[in-house]
Every structure is written in C-alpha cells, then in structure tokens.
Amino acid sequence: MNRFNLSRKPKRKIFYIFLLLSTLIPHSLYSQDNFPNPTGFINDFANVLSPKVKSAMENLSRELKQKTGAEVVVVTVKSLNGMDYTDYAVRLFEKWRIGEMGKDNGILLLNAVEERKIRIEVGYGLEGIIPDGLAGEIRDKYLIPSLKQNDYDTGLSLGLAAIASIIASDANVKLTGNYSALTQNRHQRGRKSGGGVSIFQIMILFFVISSFLGRGRKGRGRGRGGLLGSILLMSMLGGGGRGYHSGGFGGGFGGGGFGGFGGGMGGGGGAGGGY
10 MNRFNLSRKP KRKIFYIFLL LSTLIPHSLY SQDNFPNPTG FINDFANVLS PKVKSAMENL
70 SRELKQKTGA EVVVVTVKSL NGMDYTDYAV RLFEKWRIGE MGKDNGILLL NAVEERKIRI
130 EVGYGLEGII PDGLAGEIRD KYLIPSLKQN DYDTGLSLGL AAIASIIASD ANVKLTGNYS
190 ALTQNRHQRG RKSGGGVSIF QIMILFFVIS SFLGRGRKGR GRGRGGLLGS ILLMSMLGGG
250 GRGYHSGGFG GGFGGGGFGG FGGGMGGGGG AGGGY
C-alpha cells in the first residue's frame, strides 16, 4: 500500500508544477473565462454527435455516476484557438472540477475537431484503474480509427463505453440502461461503409482490460474485474443482444438542470494524440 502511494506522488507533483507554470503564460490565452460552461456529461460544443447517440452517452455517464460516483465527461470543441490540446484538457478539468471532491474520480475525454486531437485526461483517483497504458489502448483502438473517418458518433461512444466498462467492473456494479442507440448507430454505419468495429478489435480490448484489472486485485476483492468488464462491454456493443435493447431506461437519469460536477481534480495522467 505504501509503495503504491509513494509511486503516485511524483506524478501529482508534476501536475501541481504544471498548474503553477501555466499561471506565467499570458492571461489572455489561458483565462478560464475562455472555457465554456458544462451543459451535462456530454458537451458537444462542435455539434458533431447525433442527438440519439449524444442522449445515450449522457445516460451512460449519468448511470455510471449514480452507481460508482465517478464522473466521465466528453467534450468536443471546434477549435482550441492556438492552445495545446493537453494544456486545454488540464485547464478545462481544473475549471469544471470533474470528479468527487477528495476522491478525484473524474475523467475528461476531449476532442478538438479542427486540430484533429484527442485527449483522455484521468483524475488522480482513477490512475490505478485507468493508467496511461490502458488509456493509450482505448485511444488507439477505439477512438482514433473512427475519428480518422470523421465518425464521431462511433469513436466517442466506443471510447466512453470502454472507460465506463472499466470503472463499473472495478466497482463490481452492472450498468443496466438501454444504450441501443449506440449499437444501432454502429450497425447502420457498418452497412453503409463496410467498416465498423470488428469482433477482433473488441477482443483486443477485452484482453487489455483483463490484463490491467486482473493484476494485484486479490487484496482489493476485484479478482473478477476483467471478466466483468469484458461481459459488460460486449453487452453495450450489442454482442449479447440482451438487456440493453429492452426496457424503458430512456431518460431515467434526466430531468432538471445540470448542477455541475463534484469538485475533483486531475493529475492522474492519461493519453492523447492526433488522428
């Protein structure tokens, strides 16, 4: 336990140093007033997501929040206006305070359309669940292939589904909502273009999830995490054909205005790159 905590301290120190240095950059460039305010868990400021997919993604993040406390937020912007995409993600995370206060269990998935950049920014409290290597696997196998084809619905929903699966399985909970809009969108695009996500790609992620979640979890009671994550992600992607295509989940986590996030902080690393 002590070794684990000590190994994580240098990364958090780097995060604080970055925030300190960023204050030396001209205020006009990094002013938090330049960042938009959140409208929910899925913030499509670039208008690249279809309404059905955006709604299904919002419900997924809301259910994950209700059952685990973790806050996974997706943001699309048309342009970063000259700002580095990693800096933008860190500063936006800081302004919105994604995750629960004291737990820092938030994740920001940022997509900059004009710059064609993607970033998974992980809160400090989720670093052990989604380390940099696993964030990179999600980026490479599920985000970038679809984003290269300007298929934002598929890429971003797959990325969110993978992240939600990992967090839910680590918490030993099952997400039971109706996310058929995500699956239907992929099936429709697959018929039109002959593309889509193959079973081979899905299985690769299953092995990645299993390998990361299966290590060192005996002491934490999470030995089944990898298998549960695989089953959950298969269900969400339509592999089982059950559960997520029936029932009236709909707007079950909707209603009322959005009250903001829980006061968390970043500093847990992540992964990013161009597409």
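Under our numbering, the first residue of the sequence shown carries the number 10, and numbering increases by one thereafter. Beta carbons: idealized from backbone N, C-alpha and C, even for Gly.
The three-state secondary structure of T48, taken from DSSP, is coil.
Secondary-structure assignment with DSSP links K126 through a beta bridge to A121 and G283. Excluding residues up to 5 positions away in sequence, G164 and Y284 lie with their Cβ nearer than 6 Å to the Cβ of L156 in the same chain. Residue state for I139 is assigned as coil, using DSSP reduced to three classes. Under the Cβ criterion (8 Å, minimum of three pairs), the stretch 64-71 does not count as touching the stretch 90-105. The three-state reading of DSSP puts G272 in strand, counting E and B together. With contacts defined by Cβ atoms closer than 9 Å, L118 and V83 form a contacting pair. Each residue's CA atom was taken as its position, placing D53 and N120 some 9 Å apart. By the 16-neighbour rule on beta-carbons within 10 angstroms, K74 is buried. By the neighbour-count criterion, in which 16 or more other beta carbons inside 10 Å mark a residue as buried, E146 falls on the buried side. Pairing V131 with A280, the inter-Cα distance amounts to about 9 Å. Rounded to whole angstroms, the gap between the alpha carbons of G78 and I116 is 12 Å.
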